[in-house]
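The structure appears right after this line, and notes come after that.
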Amino acid sequence: MPRPNAWGFCLCILAWPGALCPAEAQVRTARFEGRVVDHQTGLPVGGAVIALRGDPVRTVSDDSGRFERGGLAAGLHIVEVRAVGYAAGTWGIEVASAQVLSAVLRLKLLVHQLPEVVVLGEPGGVRRSLAEFHRRRQRGMGLFITEEEIAQRGATTLGELVRTLAGVEVNCGGGTCMVRMVRSPRRCTPEYFLDGFPASFSTGPNYPLTGVVAVEIYRSASETPIEFQRTSLMCGVIAVWSKPPPSRSRPRESSVPS
1120 MPRPNAWGFC
1130 LCILAWPGAL
1140 CPAEAQVRTA
1150 RFEGRVVDHQ
1160 TGLPVGGAVI
1170 ALRGDPVRTV
1180 SDDSGRFERG
1190 GLAAGLHIVE
1200 VRAVGYAAGT
1210 WGIEVASAQV
1220 LSAVLRLKLL
1230 VHQLPEVVVL
1240 GEPGGVRRSL
1250 AEFHRRRQRG
1260 MGLFITEEEI
1270 AQRGATTLGE
1280 LVRTLAGVEV
1290 NCGGGTCMVR
1300 MVRSPRRCTP
1310 EYFLDGFPAS
1320 FSTGPNYPLT
1330 GVVAVEIYRS
1340 ASETPIEFQR
1350 TSLMCGVIAV
1360 WSKPPPSRSR
1370 PRESSVPS
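Reminder that position 209 of the sequence shown reads as 1328 in the numbering used here, one-by-one numbering, no gaps.
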C-alpha cells in the first residue's frame, strides 16, 4: 500500500494539471533582473559581478549589461556589484513573494590621482552648488542640515544624521541600514544625489560624513525641487554636498642664465 504522502502527491497532479501541492505552493521565490551601466555615459558594463550579501551565488552581466538572479526569498536583500575599472556599488532591495524586480545599476569609474596633474582656477562649480543649497533652504521646502549642524549632531554616517528627522524612518539590521520616507507611497526609499549628480549605490545610509558640508532631505516627490526631479521619482531625495578639493596653482618657472 503506498504511503499517504505519496497518494497526496499523485492526487495533486491528477486533480488539476499544473496545480501546485500545498507544500510546493508555499515556495514562490522572487527574481531580480536589470542592467549594469556606466554612471556617466549610460553604456552597458559587461562582466560585472552581481551578488547578494551573505550568498555565495554570483551572477555576471552579459555584453549588454543585462543580468538575472532568481531564487530570492521575500524580504530585504543587499546587492553588491563589482566590475573592473569601477568603484563597487551597494544597493538595498526589498522583494515580495513571486515578484520580478527590475533595476538599472549605475557604476562610477575609479579615479586615479596623478601627481603631475595641476588644477588651475577656483572650484566655482562646487561653490555655485552650495549657493543653490542656501537658496533652496530659504524657500523652506524640505529639510536642510549645514556643516555646523552636522558637527553638532555628532553623527558619523548619513543614516545616523537623518534618523531623528520628522517623516524619515531608518531601519537597521545585519550591519546595514535603510532609509524610508514615511510620506511617500509604501514608505519607499529615496534617491541619492552627490554634489548635484545622481549618486552610485555606494551612497546611502552608511555613507560616511567625513568631508560632507551640507545635506538636503526631501521626503516625497511633490516636495522635491525641479533640480532633482526625474521621471521615475516617487520616494523623495537626499542630496549630499561634499567639501571641494583643494586647488593648486601652477609653480613658477625659473630661468637659468646661459
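We treat Cβ as the ideally placed atom computed from N, Cα and C, and that holds for glycine.
Provide the residue span of the beta strand (DSSP E) that contains Val1289, from first to last.
By 1-based counting over the sequence shown, the position of residue 1289 is 170. Here the beta strand (DSSP E) through Val1289 covers 1287 to 1292.
Runs of 3 residues minimum, wholly inside the region 1307 to 1337: which ones carry the beta strand (DSSP E) assignment?
1310 to 1313, 1331 to 1337
Nonlocal neighbours in the same chain, by C-beta distance under 8 Å from Gly1166, ignoring five residues either side
For the purposes of this step, residue 1166 is taken as residue 47 along the sequence shown, with counting starting at 1. For Gly1166, where only same-chain residues beyond five positions count, the Cβ hits under 8 Å are Val1179, Ser1180, Ala1202, Val1203.
Report the CB separation of Ile1212 from Val1198 in whole angstroms; it is logged as a contact under 8 Å.
For the purposes of this step, residue 1212 is taken as residue 93 along the sequence shown, with counting starting at 1. For the purposes of this step, residue 1198 is taken as residue 79 along the sequence shown, with counting starting at 1. With 8 Å as the limit, Ile1212 and Val1198 qualify as a contact, their Cβ atoms being about 6 Å apart.
Once DSSP output is grouped into helix, strand and coil, what is the label at Val1359?
As a position in the sequence shown, residue 1359 is number 240, starting the count at 1. In the three-state DSSP reduction, Val1359 falls in the strand class (E or B).
Ends of the beta strand (DSSP E) at Gly1272?
Taking the first residue of the sequence shown as 1, we reach residue 1272 at position 153. Strictly speaking, residue 1272 in this sequence is Arg, with Gly absent from that position. Going by DSSP, Arg1272 is part of no beta strand (DSSP E) but of the alpha helix (DSSP H) stretching over 1266 to 1272.
Go to Val1281, then tell me how far its beta strand (DSSP E) extends in each direction, as first and last residue.
Here residue 1281 refers to the residue found at position 162 when the sequence shown is read from its first residue. For Val1281, there is no enclosing beta strand (DSSP E); the residue is part of the alpha helix (DSSP H) that begins and ends at 1277 to 1281.
Secondary structure of Glu1342, DSSP reduced to three states:
Within the sequence shown, numbered from 1, the residue matching residue 1342 stands at position 223. It is coil, neither helix nor strand.
Leu1280 burial status per 10 Å Cβ neighbour count (16 or more: buried):
Here residue 1280 refers to the residue found at position 161 when the sequence shown is read from its first residue. Counting the other CB atoms within 10 Å of its CB gives Leu1280 a total of 16 or more, which places it among the buried residues.
Between the Cα of Arg1225 and the Cα atoms of His1253, Val1164, Arg1177, Arg1172, which residue gives the shortest distance?
Residue numbering aside, residue 1225 sits at position 106 when the sequence shown is read from its first letter. Among His1253, Val1164, Arg1177, Arg1172, the Cα nearest to that of Arg1225 is on Val1164.
Count the other CB atoms, across all protein chains shown, that sit within 10 Å of the CB of His1158; report buried if there are 16 or more and exposed otherwise.
The count along the sequence shown starts at 1 and reaches residue 1158 at position 39. Residue environment for His1158: buried (at least 16 other C-beta atoms within 10 angstroms of its C-beta).
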